[in-house]
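Using the working numbering, you'd call the opening residue of the sequence shown number 42 and step up by one each time. Have a look at the structure below, then the notes.
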Amino acid sequence: MKRRDKDKISMEEKISRLKEYISGSSNIVFFGGAGVSTESGIPDFRSTDGLFSTRYEYPPEIMLSHSFFMSRTSEFYRFYRDKMIYPGAKPNLAHTALAEIERMGKLKAIITQNIDGLHHIAGNTNIIELHGSVHRNFCMECSGPHALEFILQAEDIPRCLCGGIVKPDVVLYEEGLDDTALSDAVKFFANADMLIVGGTSLLVYPAAGLINYYTGDKLVVINKTETHIDQKANIAIYGSIGEVLHRACF
Ligand code: ZN
42 MKRRDKDKIS
52 MEEKISRLKE
62 YISGSSNIVF
72 FGGAGVSTES
82 GIPDFRSTDG
92 LFSTRYEYPP
102 EIMLSHSFFM
112 SRTSEFYRFY
122 RDKMIYPGAK
132 PNLAHTALAE
142 IERMGKLKAI
152 ITQNIDGLHH
162 IAGNTNIIEL
172 HGSVHRNFCM
182 ECSGPHALEF
192 ILQAEDIPRC
202 LCGGIVKPDV
212 VLYEEGLDDT
222 ALSDAVKFFA
232 NADMLIVGGT
242 SLLVYPAAGL
252 INYYTGDKLV
262 VINKTETHID
272 QKANIAIYGS
282 IGEVLHRACF
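See below:
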């Protein structure tokens, strides 16, 4: 048998096992990263062809840091509007499949490292955005909320009517994750009977360490490349997360 044929069969087998897992589970948690959104045209800024190779003077970890935001707000916003916001992006097959698993009453939570809000747009309701969302923005003086449109339309630094600077509710480098989001995520992981980890290389901590709270025996990893938990996974699938989830659900 040619290697390609063998791989093809084993992919089919993996997807049918994934289907069985989903139908036999009632408390599924999905943990996702940048790879879930790349199929919507949002680049992973940590990948080699992502934001690292841009024309900006500083690397993204500097430009997206708390101290850079505070000291060079105008430059921060130029970079942020240019590279971090994709207002035209639409949910892809991965998002719509996850919305379907929630409608089936099986998916209890999506825990994501993405800040694009695409899971909300796809119709999921229980979403923990560990790194925040570009759709939420608050005035640093009066805490007043501002829509993404407001950030996009501001000429330079977005300022509230009260004069305060508006800051995105996105976790910047040097900032900690929200305590409530973290403790809620831990509970979902601990109670899940199935965990699907998708589109993440599991290199960003503390988010990546959360999966250790899952103690069940249906751990599925779907990613383009290998991850360090593949050995622990009950099924590890290498491929397009949108295609894999879609085929497992419809
Ligand atoms: Zn204000």
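Even glycine gets a Cβ: it sits at the ideal position worked out from N, Cα and C.
Considering Cα atoms alone, identify which of the options is closest to residue i.
| i | options | result |
| --- | --- | --- |
| residue 194 | 60, 128 and 211 | 128 |
| residue 70 | 147, 154 and 76 | 147 |
| residue 73 | 291, 290 and 286 | 286 |
| residue 134 | 97, 121 and 76 | 76 |
| residue 292 | 65, 245, 114 and 240 | Because residue 292 is not part of the residues shown, which for the chain are 42 to 291, the question remains open. |
| residue 229 | 240, 256 and 239 | 256 |
| residue 254 | 97, 113, 181 and 224 | 224 |
| residue 283 | 97, 196, 219 and 238 | 238 |
| residue 241 | 219, 280 and 220 | 280 |
| residue 196 | 97, 119 and 291 | 119 |
Looking only at its own chain, which residues have a Cβ that is under 8 Å from the Cβ of residue i, when we skip the five neighbours before and after it?
| i | result |
| --- | --- |
| residue 163 | 132, 136, 137, 139 and 140 |
| residue 178 | 186, 187, 188, 189, 191, 192, 199, 207, 208, 209 and 210 |
| residue 130 | 78, 81, 82, 83, 157 and 159 |
| residue 222 | 169, 170 and 171 |
| residue 68 | 147, 149, 232, 233, 234 and 235 |
| residue 215 | 106, 107 and 108 |
| residue 110 | 117, 208 and 213 |
Assign residue i to buried or exposed, taking buried as 16 or more other Cβ atoms, counted over all protein chains shown, within 10 Å of its Cβ.
| i | result |
| --- | --- |
| residue 44 | The pLDDT assigned to residue 44 is 45, lower than 50, so where the model puts this residue is not dependable; a value taken from the coordinates is nonetheless given after this. Looking at its Cβ environment, which holds fewer than 16 other Cβ atoms inside 10 Å, residue 44 is exposed. |
| residue 235 | buried |
| residue 79 | buried |
| residue 166 | exposed |
| residue 247 | exposed |
| residue 231 | exposed |
| residue 203 | exposed |
| residue 201 | buried |
| residue 112 | exposed |
| residue 220 | exposed |
Could you pull out every residue in the same chain whose Cβ sits closer than 7 Å to the Cβ of residue i, ignoring the five residues on either side in sequence?
| i | result |
| --- | --- |
| residue 243 | 249, 268, 269 and 270 |
| residue 288 | 56 |
| residue 60 | 289 |
| residue 62 | 235, 259 and 261 |
Residue i to residue j, Cα distance in whole Å?
| i | j | result |
| --- | --- | --- |
| residue 99 | residue 210 | 22 Å |
| residue 53 | residue 262 | 15 Å |
| residue 125 | residue 252 | 26 Å |
| residue 157 | residue 175 | 6 Å |
| residue 145 | residue 159 | 19 Å |
| residue 198 | residue 173 | 20 Å |
| residue 217 | residue 103 | 16 Å |
| residue 151 | residue 51 | 27 Å |
| residue 226 | residue 154 | 12 Å |
| residue 260 | residue 278 | 11 Å |
| residue 205 | residue 265 | 43 Å |
| residue 123 | residue 116 | 11 Å |
| residue 101 | residue 212 | 13 Å |
| residue 121 | residue 161 | 21 Å |
| residue 272 | residue 114 | 44 Å |
May I ask which residues mark the beginning and end of the alpha helix (DSSP H) holding residue i?
| i | result |
| --- | --- |
| residue 135 | 134-144 |
| residue 290 | 282-290 |
| residue 242 | Per DSSP, residue 242 belongs to no alpha helix (DSSP H) and is neither H nor E. |
| residue 223 | 220-232 |
| residue 102 | 101-104 |
| residue 79 | 76-79 |
Just curious, the beta strand (DSSP E) that residue i is in, first and last residue?
| i | result |
| --- | --- |
| residue 130 | Premise fails: residue 130 is in no beta strand (DSSP E) and is neither H nor E. |
| residue 72 | 69-73 |
| residue 66 | Element bounds for residue 66: n/a, residue is neither H nor E. |
| residue 174 | 173-180 |
Going along the chain, which residues of its own chain have a beta-carbon closer than 6 Å to the beta-carbon of residue i, five neighbours each way excluded?
| i | result |
| --- | --- |
| residue 58 | 276 |
| residue 182 | 203 and 205 |
| residue 87 | none |
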